[in-house]
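Under the numbering used here, the sequence shown has 1024 at position 213, and the numbering climbs by one with no breaks.
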Amino acid sequence: MSALFDAYGRYYQLLYQDKDDAAEVAYVSALLQSLGAGSQLLEFGSGTGRHARLLAQRGYQVLGVERSAQMLAQAQTLPSPGFDCVQGDILEIDLGRRFDAVLALFHVVSYQTTNAAVRAVFARAAAHLDAGGFFVFDVWYSPAVHAQRAEVRVKRLADAHTAITRIAEPRHYPTENRVDVRYTILAQDLATGAVQEVNETHPMRHFSGPELDFVAEQAGFERVLAQEFGTGRAPGEDTWGVCFAYRKR
Ligand SMILES: C[S@@+](CC[C@H](N)C(=O)[O-])C[C@H]1O[C@@H](n2cnc3c(N)ncnc32)[C@H](O)[C@@H]1O
């Protein structure tokens, strides 16, 4: 069986070219500053490095850990002073050093769907922080998922070489705090007209604040912040992506 993001990752940059990376990084950077975090960052699930590269340009030193070889290869295509990345599993990684903050951006923690995986990601974050260090991440937020439910979505994007249609079909498991999103990608090579189809199912866990606090406290963290990712608004039933920050005791 191929690993998650091995196929999807081929089209990742094109699929998310509509995301405002600069605005997201400005938000994360302001958040880190408001917490008083230092400049040594560990990024869990760093993907193609779209945040890390821009954080490095702001003076942060970022080390990324990414499981998908496909995503890692894209992260390593551009030389980026201040950003390095290694292949690894954030549920097991032991880099033998500490950082000022651990980041996990764009739902990386929601990809950890079992209780054992959620416990492990907090334990690995704690292991790489000194007391006073921060674990900052955004997740799918249970109150919003229950209130709104994910719907079938179709996204179309193109660059000079490829036109893509992505269909996202969610399957809800409300009693398990999980939505399995089946992605179908139809990618047309604009030179030849040939169409390639890619299918990947991404199981996503959504979280409530008390649920995260429970696991975080067991790993030695205390919550310092919960707000809508990108805006800072108070989270509620209309807030799908919520950013949490925890301080290591
Ligand atoms: C939605 S992508 C986000 C990537 C990047 N942070 C961004 O904002 O574009 C989720 C990423 O988390 C990575 N990931 C998920 N579980 C992981 C694990 N256990 N260890 C390492 N990487 C993981 C995936 O391979 C994928 O690249």
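All C-beta atoms, glycine included, are put in the ideal place defined by N, C-alpha and C.
One or two residues paired with LYS1059 in a DSSP bridge: PHE1032
Buried/exposed call for GLU1033, threshold 16 Cβ in 10 Å: exposed
Ligand 1 heavy atom lying under 8 Å from the CB of TYR922: Yes.
PHE894 CB to nearest heavy atom of ligand 1 below 8 Å: no
Buried versus exposed call for THR859 [16 or more other C-beta atoms within 10 Å across all chains shown]: buried
Segment limits, beta strand (DSSP E) that includes PHE933: No beta strand (DSSP E) contains PHE933, which is instead part of the alpha helix (DSSP H) from 926-938.
Cβ-heavy atom distance, SER857 to ligand 1, below 8 Å: Within the cutoff, so yes.
Three-way DSSP call (helix, strand, coil) for PRO892 in this model: coil
PRO764 burial status per 10 Å Cβ neighbour count (16 or more: buried): In the structure as shown, the chain begins at 812 and stops at 1060. Residue 764 is therefore absent and cannot be evaluated.
Whether ARG1060 touches ALA915 by CB criterion (9 Å): It is not a contact, given that the beta carbons lie outside the stated cut-off.
ARG926 versus ARG908, GLU987 and VAL919, residue with shortest Cα-Cα distance: The question names Arg, but residue 926 is Asn in the sequence shown. Nearest option by C-alpha distance: GLU987.
SER879 beta carbon near ligand 1 (any heavy atom closer than 8 Å): yes
Proximal residues to HIS862 (C-beta, below 6 Å), its chain only, five neighbours per side dropped: VAL836 and LEU916
Classification of GLY1017 by the beta-carbon crowding that lies within 10 angstroms, buried from 16 upward: The sequence as given places His at residue 1017; Gly does not occur at that position. It counts as buried.
Range of the contiguous alpha helix (DSSP H) that encloses ASP832: Start and end: 832-846.
Buried or exposed (CB count within 10 angstroms, at least 16 for buried), ASP1000: When all chains shown are included, ASP1000 counts as exposed.
Collapsed DSSP secondary structure at PHE1025 in the structure displayed: helix
Proximity of ALA848 and GLY1041 at Cβ, strictly below 9 Å: no
Test item: CB-CB of ARG964 and ILE978 under 9 Å: It is a contact, given that the beta carbons lie within the stated cut-off.
LEU997, enclosing beta strand (DSSP E) - first and last residue: 989-1000
ARG853 - containing beta strand (DSSP E), residue span: Reading off the sequence shown, one finds Leu at residue 853, where the question assumed Arg. Taken as a continuous stretch (DSSP letters only), the beta strand (DSSP E) holding LEU853 covers 851-855.
Three-state secondary structure assigned by DSSP to PRO1014: Look at PRO1014 here: in three-state DSSP terms it is strand.
C-alpha gap between ALA934 and VAL1006, whole angstroms: When rounded, the distance between both Cα atoms is 43 Å.
Contact between the stretch 812-827 and the stretch 896-904 (3+ Cβ pairs under 8 Å): The stretch 812-827 makes no contact with the stretch 896-904, as fewer than three CB pairs between them are under 8 Å.
Anticipated Cβ contact below 8 Å, VAL1035 with LEU846, distance rounded: 7 Å
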